[in-house]
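Engineer: In the order they appear, the protein sequences are chains A and P. Every number in the working numbering is 62 more than the matching position in the first sequence, counting from 1. Every number in the working numbering is 13 more than the matching position in the second sequence, counting from 1. The structure that follows is given in the form of structure tokens.
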Amino acid sequence: MRHPFLTELFRCIRASLTRFLAIVAIVGLGVGFYAGLRMAGRDMRTSSDAFYDGTHLYDLRVVSTLGLTDEQVESISRIEGVDQVVGGYAADIMTMLNGERYAMRIMSCDMDAARASVSDGGGVNVESADERYLNRLSLESGSWPTEPDECVLSADRVMGEPIEIGDTVEVLYGTADLDDVLVYRTFRVSGLIHSSFYPSSVTLGYTNLGSGQIQQYMFVSPEAFSDELPFTEVFVTVEGADALISGDEDYLACVDEVADRIEGMGLPAQRLAQIKEEAEAELADAQKEYDEGKAEADEELADAAEKLAAALDELEDAERAIASGQRDLEDGIAQLAAARAEAERQLADARAALEANGRRLDDAEKQLGMTQADIDAARKEVAENREKLDEAEKQLGMTQADIDAAHAELDKAAAEWQETRGQLVRVRGDLDSVEGAVDALASLALIDGEPTEEQLEDARAKVEAAVQAARDLFDSGLIDPESEEVRARIEELAGDVIAELEQIDFDADPEAVLEQLRAIAPSVAGRIDAAIDEAAVQIDDGIAQGDTAIAEASAQLDQAQDARNQIDEGRRQLDEASAQLDQAQDARNQIDEGRRQLADGWQTYYDQAARAEQSLASAQRTLDDAAAQLADARRQLEEGREEYERGLATYNDSLAEVNSRLADAASQLAAARADIDALEEPSVYVLDRTMNVGIACYHDESERIDAIAAVFPFIFFLVAALVSLTTMTRMVEDERIDIGTHKALGFSTARITAKYVAYAALAGIVGSILGIAILSQVLPWVVEFAYAIIYNIPIVMPLPIDAGISLVASCVGLGVTFLAIFGAAAATLREVPATLMLPRAPKAGKRILLEHVGIIWRNLSFSWKVTCRNLFRYKRRLAMTLIGIAGCTGLLLTGLGLHDSIWDIIAYQYENADAITRYNVIIGMSSDADDTDMDRVEDVLADVGAADGFARFDLENMQASAEGYSGTTALQVNVADDCAAFEELVDMRTRSGKEHIAFGPRSVVITEKVAKHLGVGVGDEVILYDQDEIGNATGAGHAFTITDVCENYVYHYVFIGADAWEEAVGKPCSIDSILVRIKEGDEVRLAVSDALADDDAVATIVFNTETIDAYRKSLRSVNLVVVVLVAAAAALAFIVLYNLINIQLIERTREIASLKVLGFDRHEVAAYLFRETFLLVIAGALIGLALGVVMEGFVVTTAEVDAVMFGRDIHLPSFLISFGMTLVFSFIVMAAIMPKLRKIDMVESLKSVD
Amino acid sequence: MAFVEFRDVRKTYRMGDVEVHAVDGMDFEIERGEFCVIVGPSGAGKTTVLNMLGGMDSVTSGTIMLDGREISGLSEHELTLYRRHEIGFVFQFYNLVQNLTALENVELASQICKDPLPAEEVLRQVGLGERMDNFPAQLSGGEQQRVSIARALAKNPKLLLCDEPTGALDYNTGKQILKLLQDTCREMGRTVAVVTHNSAFCEIADRVIRVRSGKAESVEINEHPASAETLEW
């Protein structure tokens, strides 16, 4: 059977799911945030403990100023509570890697055990069969060293130049004499590792080398350390300590108990006795060595004296041999001179003969005047001309015979022409006769009267003659036969004429004849005339043409003849030239032959000369050799003599030196004796993990998170309470009548209340579970992830959920909801059923304070008046919204402000125009460098790095303390004698007010953070101690009175004037470092590094950029924190606003519907409703800004890392962004609500109030 | 043409698979200056008529005209303006803004319309000259309803729509409110439509529209309406 109570409860939840979820969410957020943050610090410690235990990290580290031996290891292992003990070696060294200098710590590690070990769980656990393998390493890349000159380096440390497997680490020098420490000076990098000994990748520890910070560590096998070296440290694990969380009080108690035992076992005395014993043995050895050495030296001196005497004898023999040699040499020189004269004469004769022959040949050649080339050129010309003639002849194409034949033909043709011409002339004459006939015929016509018979006859004869003439003419064929047309016409004409004439009947009546004649005569005469004229022209033309043709042919023939003649003449000339050339060639050949013979003669001459010269030279060489040998012998003699002198001197010196050395040795022996007698007990320290810088830092970080966790969730709980309260109040009001009905039905108040309690409990429980489940994983993970950037401690997931914290958180969460439900329901439940059954009287309107300020109130519009009154009508909601929104803005501002503060470190310290650090390089000089070296280095820097500022100072890494401060803290002391130069590169000023601090010889200026840490101010005393290799304060310390406190963000400094230093310390400072300002840029840095790399006077070069990069990287973790804060802020804003507006909407549905009916449009309605929210958001955000400043201040001071001071300013944009984002969040919620607002039906306004 | 006209107006709601005809072919007219009572039993469709006439709901079909303008086809925005400028609405439960005084409640409405009547004057007209600065919680039901009427009148509307204006009031107060509405009609010449289930009100109306099953069952013209003071129920 279903339980009606539960059914009702679940229906109620389902009906108001948003409301339920809102409570769940806000409770979840509050509980989860609280639990998550509270667990984060715890989880960090758990993770680190898992890492330390998994890698068998030491619990105690025993170090001694005189080292430790197996004997001490043995005795420590016998102490109660000690689990494993193993000795190790370590040394601080300055190294060169990839061209850069790094201060490193070199440590020993059992590499055989390391090779056999197995790493799992992301390096959390390293399994090894060797229980004595402590401080186990896990290999990141490469391989374990197999040779003693191989090493592994940290994989976590970011170096200027990435380390490659196979790189070489060169050891330059160390804090102690390296000969006593290391067997090797170079180590090959075989792999990169993680070490739990160095969990921080930023702070590895402090050293006296370089800038004071260890920059890298390396592990090598113990064989790399000198056999003579005692253990420098002994690592101890404590029984039962791994079951406890490292750094917790019970852990420290457990470990310190054993530490006390070790301290109480008298290790110093034991070690002293051991050392004394060893020293005595060594002294005895030395004495023996001295005695032996003395005897040996005496013997050697006697030998030397004997050798010197023998040498003197040898020298005298040599002198005699040289004199004889000199004589032989002079004879040889004379003979050679005679032979040379004879040879020269013979050669001169031969030369004269040859020269005469030469001159003759020259003459002959001059006569010829033609070289072989000239002849060849002439021949070539002749040949060319011949070719030209042949060409001309070919063109002419006619031989003499052809020409003659042509002449004959021409003559024949001319003769023939003359004949034809005659015929033509004759015909021409015939033509004239024809003409005469025609004229006669014509004259007939002119006869008056009757012609006479004769006349007739004459005419007839004439006509016939004419006809005949015409016929003849044509028959003659002289007329150009081609003029067939003319001929035809003449023929026709003649025919016609004849025909006509024949028709004349001379037999007829003369009258008639005459008539006829008269009739035809003119026409016949005309026509004949024409024919004759035409023929005459033709004949004349023919004659003229014939003449011309003959003349032309004759002329052509003459031309041909001329050409022929020219060719022939040319040929003749060429033949002549050829002949001349042949002659010239002969002459030429003769000359050439002569020359050849002459050259042969010369060759012979030269050969003879050379032979003569050779034999002479050879003779000369022999002589020279002899002379050289002689000189050599002389020199040797000279050297021998000098050597003898030197030997003598050396002998005398040695004698003196041996005596003095023996005396020295004797006094050293005496001093050693005294030293042994003066030996004191060494200091032995038993250090727990809190003395490991990296481990201690991580532990501090986790405690900082605890501090933050204590404050932040408070806001969420407060908001959760208010959200629950308002929501529950609304719910109870909604169910008034229900409650009344139940009461009226006789249900007890408890029974009715139970439903609401159950509702609240359910919301609280679900919220708590969800919140814890999600945020207790997410938040610690985010925190650990953020720290993973600087710490190599692996995150172990899933993170443990701390039952205690979860319970507390859940209880608070539940308590909040219960409080809310009681607050909401109490009043209602007290009422009697009757009143409950009635709708609750609407909350009366009330006048507010503002209304009394007439000026303002009168000028407000109604909507604003309503808004103002509403604001103060629901005070719970007002509080909820203001706190929620203020929390949101506050968180945003905290996040952004934190971001500002942290990035300001770099900006204020290095990058701003008015940054504190004005230098960008620190040059550390080696211990034996002097002023000249510094001058030289500065010159190089000015040259290569364009450096424009230098300040020399004394850099000391010291420990500081003050009255009322227990322990010491590390800082850097800079002592300057040129205060003006120093001030130029380090801007000293107060943080607030930025007042300049004058730095003088008597100034003692301490940086702000460390001053606060030590609890000192101006006028107080700070005590500075020297530190030993482990960073312990040694000596009595020197008190300084602080003159000023200056602004500084990175690391801690005390700047001291030289006079103040000398006064306090009792001796002047030793200037050993230079601050330099060089030009910015990678190339400049590289150039400076290169330029100083080989300078022995320079020990270290530290560029600020390296420091800046390291800080940048380590501070990036903060961005993640900012994201978390922003997300939390958004969640807060959404939940609060959504809840607020939702309640308003439900409560005022009727009012809104009425407004709609009155004609308010969508925007007016929205404005009416949201104006309130908006005002609340603005007010909340403004409060939030103030809250944010406070929270940011808290977080900054809490979260601050020891080595730096965070900026204390929140930038204006952060305020604006926080404010703006809060507004944006509220706009988003309002926009989300808008559809709901639009959906409100106007009909709601008509409904009754129930 | 009549001042208000309903022509074959239908309103159908879909409730799941069932279609409910809330108004099913409604026809009636109201003349300018009339005091009209729309009466009918619960569920007859009179509230739907009121909603549609008041511009709070759209019609499914048919036309509604007010002063010669068709309002049945107006867009949502036009309806908002219509409600704002032409309709005065009197609610059964007054619906006053609790956080504003009587005067401010009236001004709240008048500030959004074009040609409002002076708020104080209207309040004096409805007899609340002395109580203007009181909050609704400090006023009796009748006084609150007067404020509600004043708020509607201050907008200078063409039509005053009243939804059961006496529903939440006792007898005497109800009568006074009816009197006020009748006087408003008589003296100011305003057209008033009262929706009620109480047929006793018919006596004082110029026009009585009886509604049943989504239809105008009858329309009666009262030549001599009684005064609200004499009304008894």
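We put the CB at the ideal spot given by N, CA and C, even for glycine.
Quick check: the Cα distance between residue 33 (chain P) and residue 1278 (chain A), rounded to an integer number of angstroms?
Structural biologist: 57 angstroms
Engineer: Can you check the segment 711-797 of chain A for any beta strand (DSSP E) of at least 3 residues that lies completely inside it and give the ranges in chain order?
Structural biologist: 746-750
Engineer: What residue range is occupied by the uninterrupted beta strand (DSSP E) comprising residue 213 (chain A)?
Structural biologist: 212-216
Engineer: At 3 residues or longer, and completely inside the segment 167-199 of chain A: list those beta strand (DSSP E) runs for me, N to C.
Structural biologist: Restricted to the segment 167-199 of chain A, the beta strand (DSSP E) segments that are unbroken, complete and at least 3 residues in length are 180-182 and 187-189, listed in chain order.
Engineer: From the beta carbon of residue 176 (chain P), is the nearest beta carbon of chain A less than 7 angstroms away?
Structural biologist: yes
Engineer: Can you pull the chain A residues whose beta carbon is under 8 angstroms from the beta carbon of residue 125 (chain P), in chain order?
Structural biologist: 1220, 1221, 1222 and 1226
Engineer: List, in chain order, every chain P residue whose beta-carbon is nearer than 7 angstroms to that of residue 924 (chain A).
Structural biologist: 113, 117, 120, 121 and 124
Engineer: If you reduce the DSSP assignment to three classes, tell me which class residue 69 (chain A) lands in.
Structural biologist: Residue state for residue 69 (chain A) is assigned as helix, using DSSP reduced to three classes.
Engineer: I want to know whether the segment 1046-1053 of chain A touches the segment 962-979 of chain A - three or more CB-CB distances under 8 angstroms.
Structural biologist: Yes: the two stretches touch, three or more of their Cβ pairs being nearer than 8 angstroms.
Engineer: Along the alpha helix (DSSP H) that carries residue 411 (chain A), what are the first and last residues, could you check?
Structural biologist: 329-430
Engineer: Quick one: which chain A residues come within Cβ less than 7 angstroms of residue 110 (chain P)?
Structural biologist: 928 and 1213
Engineer: Suppose you measure from the CA of residue 91 (chain A) to the CA of residue 829 (chain A); what does that come to, to the nearest Å?
Structural biologist: Their backbone Cα atoms lie some 8 angstroms apart in a straight line.
Engineer: So is residue 1117 (chain A) buried or exposed if we call it buried at 16+ other beta carbons inside 10 Å?
Structural biologist: buried
Engineer: Can you give me the Cβ contacts of residue 881 (chain A) inside the same chain, cut-off strictly under 7 angstroms, excluding the 5 residues immediately before and after it?
Structural biologist: So the qualifying residues of the chain are 783.
Engineer: Could you round the C-beta distance between residue 69 (chain P) and residue 1304 (chain A) to whole angstroms and report it? I think they count as a contact, below 8 angstroms.
Structural biologist: 4 angstroms
Engineer: Which residues mark the beginning and the end of the alpha helix (DSSP H) in which residue 70 (chain P) is found?
Structural biologist: Per DSSP, residue 70 (chain P) belongs to no alpha helix (DSSP H) and is neither H nor E.
Engineer: Whose CA, out of P:59, P:155 and P:125, lies closest to the CA of residue 139 (chain P)?
Structural biologist: P:155
Engineer: Provide the residue span of the beta strand (DSSP E) that contains residue 49 (chain P), from first to last.
Structural biologist: Its beta strand (DSSP E) spans residues 48-52.
Engineer: Can you pull the DSSP bridge partners for residue 76 (chain P)?
Structural biologist: Its beta-bridge partners are P:20.
Engineer: Here's a check: name, in chain order, each residue in its chain whose Cβ is nearer than 8 angstroms to the Cβ of residue 941 (chain A), leaving out the five neighbours to either side.
Structural biologist: The residues 784, in chain order, have a CB closer than 8 angstroms to that of residue 941 (chain A) in the same chain once the five nearest residues on each side in sequence are set aside.
Engineer: From the DSSP output, read off the bridge partner residues of residue 257 (chain A).
Structural biologist: A:199
Engineer: Using a Cβ-Cβ distance cut-off of 7 angstroms, determine whether residue 69 (chain P) contacts chain A.
Structural biologist: Answer yes: the Cβ-Cβ gap between residue 69 (chain P) and chain A drops below 7 angstroms somewhere.
Engineer: When we look at the beta-carbon of residue 684 (chain A) and count the other beta-carbons within 10 Å, is it buried (16 or more) or exposed?
Structural biologist: exposed
Engineer: Under the DSSP definition of a beta bridge, which residues are partnered with residue 165 (chain A)?
Structural biologist: A:156
Engineer: Alpha carbon to alpha carbon, what distance is there between residue 1070 (chain A) and residue 1110 (chain A)?
Structural biologist: 6 angstroms
Engineer: DSSP three-state label for residue 1293 (chain A), please.
Structural biologist: In the structure shown, residue 1293 (chain A) falls within a helical segment according to DSSP collapsed to helix, strand and coil.
Engineer: Just reading off the alpha helix (DSSP H) that residue 450 (chain A) is part of, what are its end residues?
Structural biologist: 434-458
Engineer: Can you name the start and end residues of the alpha helix (DSSP H) that residue 1089 (chain A) belongs to?
Structural biologist: It is not in any alpha helix (DSSP H) - residue 1089 (chain A) instead sits in the beta strand (DSSP E) that spans 1083-1089.
Engineer: Between which two residues does the beta strand (DSSP E) harbouring residue 228 (chain P) extend?
Structural biologist: Here the beta strand (DSSP E) through residue 228 (chain P) covers 228-234.
Engineer: Quick one: what's got a C-beta closer than 7 angstroms to residue 102 (chain P)'s C-beta in the same chain, skipping five residues either side?
Structural biologist: 67, 165 and 174
Engineer: Below 7 angstroms between beta carbons: does that hold for residue 688 (chain A) and residue 398 (chain A)?
Structural biologist: no
Engineer: If you scan the segment 1152-1179 of chain A from start to end, which runs of the beta strand (DSSP E) of 3 or more residues do you find wholly inside it?
Structural biologist: Fully enclosed beta strand (DSSP E) runs of no fewer than 3 residues occupy 1160-1165 of the segment 1152-1179 of chain A, in order along the chain.
Engineer: Considering only the beta carbon of each residue, do residue 967 (chain A) and residue 1242 (chain A) sit closer than 7 angstroms?
Structural biologist: no
Engineer: Any beta carbon of chain A sitting closer than 7 angstroms to that of residue 96 (chain P)?
Structural biologist: yes
Engineer: Return the Cβ separation of residue 85 (chain P) and residue 75 (chain P) in integer angstroms, given the expectation that the two are a contact with Cβ distance under 8 angstroms.
Structural biologist: 7 angstroms
Engineer: Identify which residue in A:1021, A:1098 and A:198 has its Cα closest to the Cα of residue 1114 (chain A).
Structural biologist: A:1021
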